[in-house]
Amino acid sequence: MKNEMLKENRKLEADELFEKLDIIINGFAGNMVKGLSEFLAIPSTESEEEPNAPFGAEVAKALAYYKELAEKLGFSCYNNAGYYVTADWQAPACSDKAAEIVGVLSHCDVVPAGKGWHYPPFGGLVEEGYIYGRGAQDDKGPTIAAIYAMAALKEAGFNPKRSLRHIVGGNEESGCACIEKYLAEDKPLWGGFSPDGDFPLIFAEKGIARFKAELEYDEAEFKECKVHAIHGGTVGNAVPGEAEAGLTLSPVVWEKLKKQAENYTKGELELLEDETKITVKACGKACHASTPDKGKNAIGILLSAILPIMEGRLGEWLKSIYKLYGKESYGKGSNTCCKDEVSGCLTLNLGTIHVENGKAKIELDMRYPVEADFGEIWQKMAATAAEKRVCLQMLENKAPLYVPKDRETVTALMRVYRQMVDVDAEPIAIGGGTYCRYLKNFVAFGPIFPEGEDRMHQADERVKVEQLLFLSKIYAVALYELAF
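Sequential numbering from 154 applies to the sequence shown in the numbering used here.
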């Protein structure tokens, strides 16, 4: 009976808290929509380094925009030379020790827009209840939701027992040098979450490794099939939606290619002929590299179509690349296929290809299970590539994340999710990577709901206005649980 009374009292307390925060955040709605729209209008993809802008001028601009917004909301902010910005709320009775600070980890950089958009990717357009733009879900929308969650708690008059710090980085999509910079200059935090994944909560993230392979070839070897260029993909951590090749073909080879193209569905492969060359265009479906089953790799489609007519050393190399990495996405060709009960199967994505002027290059993105031995995986992968005369180089390896389900951070956030969404759910494991793997006691918490729309790294990325508000309410209650 006592336990039941405690549960009922806790439910009444949670309902009262939510009602108060609900009113405040609804009142923020206009400013949140305006703020996100302006935030999305900044094309903050990584570009050439400039003074105080290590990831390019637009990323630095986005960080500056966030800092100005957070300061207007009453928080003390610090901008570390274009690497990251922090927004702090010091607890009255708390020291400034990092061990007593609850953190929220966001990022303002975005992947390239890519093609296929029906709305301006950097316009921040609001239409029919949705806000469109690259970063609406990953991760500018959740960043806005999180800082307004902190603002709602402040306006409600609550006094935190632990201090709060919102860290917004500028390099999550292409290296995480920003969070490494933070950790080099400050101590790890007590714990917290990153609004950069899935609900109900991500307790395990697969390891992430990136690779490349290169080749120099002699264009003089081309006899009946001259390769002008082959290009596909923009970044390694996305399944490419488009790829194309520019070729000059003999009449016999041209007929062979046309015959080969008949094997593909409408819209999957297109042949265009002009006075100078034949252009072969492949159309797949772009998606995040961690979930290749949700997409269709256009580079794989293109290679399967043109390989029968390829010549010379380049032709042999491309055939090996296709057999190793282009036919499927689970490591069978590269001898790396494996899985565990915690996080599932290894995935391997052929993310980019560039062939031109005697040089060829591919990039690969791997997500491997949390309990797998990466040393063994890499040994097998390199040996199998060498057998096919492909020299593979490892660019990066990020260790997996695994936070036990009974950890305080996990139990508190799962309690919030179950109360707010009113469903009985369990933590999940993913192939994606977040800042959380760099700190202890951090987990990814939203913004994508189960069965919800996920347009991260895809065309027409968007967030519904009412969902943006609901995210902010969830994050406000979550911070209350962790810090108050």
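Ideal Cβ placement from N, Cα and C applies to all residues, glycine included.
With DSSP as the reference, please indicate the residues paired to residue i in a beta bridge.
i           : result
residue 497 : 493
residue 351 : 601
residue 426 : 431
residue 379 : 401
residue 618 : BP columns for residue 618 are empty, so no partner.
residue 388 : Looking at the DSSP assignment, residue 388 forms no beta bridge with any residue, so it has no partner.
residue 254 : 316
residue 508 : 383 and 513
Mapping DSSP to helix, strand and coil, what is residue i?
i           : result
residue 246 : coil
residue 259 : strand
residue 195 : coil
residue 556 : coil
residue 219 : helix
residue 283 : strand
residue 592 : coil
residue 266 : coil
residue 443 : coil
residue 331 : helix
residue 637 : coil
residue 236 : coil
residue 502 : strand
residue 346 : strand
residue 165 : Residue placement at residue 165 is flagged as unreliable, the pLDDT there being 49, under the threshold of 50; the coordinate-derived value follows with that caveat. Residue 165: helix per DSSP, three-state reduction.
residue 414 : helix
residue 374 : helix
residue 189 : helix
residue 160 : Because the pLDDT at residue 160 is just 45, under 50, the model does not fix this residue reliably, and the value given afterwards should be weighed accordingly. Residue 160: helix per DSSP, three-state reduction.
residue 175 : helix
residue 311 : coil
What is the residue span of the beta strand (DSSP E) that residue i lies within?
i           : result
residue 547 : 545 to 551
residue 230 : 229 to 233
residue 521 : 512 to 521
residue 462 : Segment: none, residue 462 is in no beta strand (DSSP E) and carries neither H nor E.
residue 294 : Careful: residue 294 lies outside any beta strand (DSSP E), inside the alpha helix (DSSP H) at 293 to 308.
residue 608 : Careful: residue 608 lies outside any beta strand (DSSP E) and carries neither H nor E.
residue 315 : Here residue 315 belongs to no beta strand (DSSP E), and DSSP marks it neither H nor E.
residue 367 : 360 to 369
residue 582 : 581 to 583
Count the other CB atoms within 10 Å of the CB of residue i; is the residue buried (16 or more) or exposed (fewer)?
i           : result
residue 159 : Note that residue 159 scores 40 on pLDDT, short of 50, meaning its location in the model is unreliable and no value can be drawn from it.
residue 615 : buried
residue 522 : buried
residue 425 : exposed
residue 575 : exposed
residue 548 : exposed
residue 406 : buried
residue 439 : buried
residue 599 : buried
residue 590 : buried
residue 324 : buried
residue 557 : exposed
residue 196 : buried
residue 373 : exposed
residue 231 : exposed
residue 511 : exposed
residue 349 : buried
residue 435 : buried
residue 268 : exposed
residue 619 : exposed
Please report the straight-line C-alpha distance between residue i and residue j, rounded to a whole angstrom.
i           : j           : result
residue 450 : residue 478 : 11 angstroms
residue 174 : residue 606 : 25 angstroms
residue 165 : residue 305 : Residue placement at residue 165 is flagged as unreliable, the pLDDT there being 49, under the threshold of 50; the coordinate-derived value follows with that caveat. Answer to the nearest angstrom: the Cα atoms are 20 angstroms apart.
residue 297 : residue 553 : 28 angstroms
residue 437 : residue 454 : 7 angstroms
residue 420 : residue 394 : 12 angstroms
residue 194 : residue 336 : 29 angstroms
residue 379 : residue 540 : 27 angstroms
residue 639 : residue 245 : For the chain, the structure presents residues 154 to 637; residue 639 sits outside this window and is missing.
residue 222 : residue 579 : 35 angstroms
residue 286 : residue 601 : 16 angstroms
residue 627 : residue 504 : 34 angstroms
residue 401 : residue 411 : 14 angstroms
residue 636 : residue 294 : 23 angstroms
residue 282 : residue 192 : 17 angstroms
residue 569 : residue 260 : 23 angstroms
residue 632 : residue 310 : 14 angstroms
residue 496 : residue 484 : 16 angstroms
residue 545 : residue 363 : 10 angstroms
Please report the residue range of the alpha helix (DSSP H) in which residue i lies.
i           : result
residue 574 : 561 to 574
residue 465 : 465 to 474
residue 527 : 527 to 540
So that I know if they touch, is there some Cβ in chain C lying closer than 8 angstroms to that of residue i?
i           : result
residue 371 : The question asks about chain C, but that chain is absent: this structure has only one protein chain.
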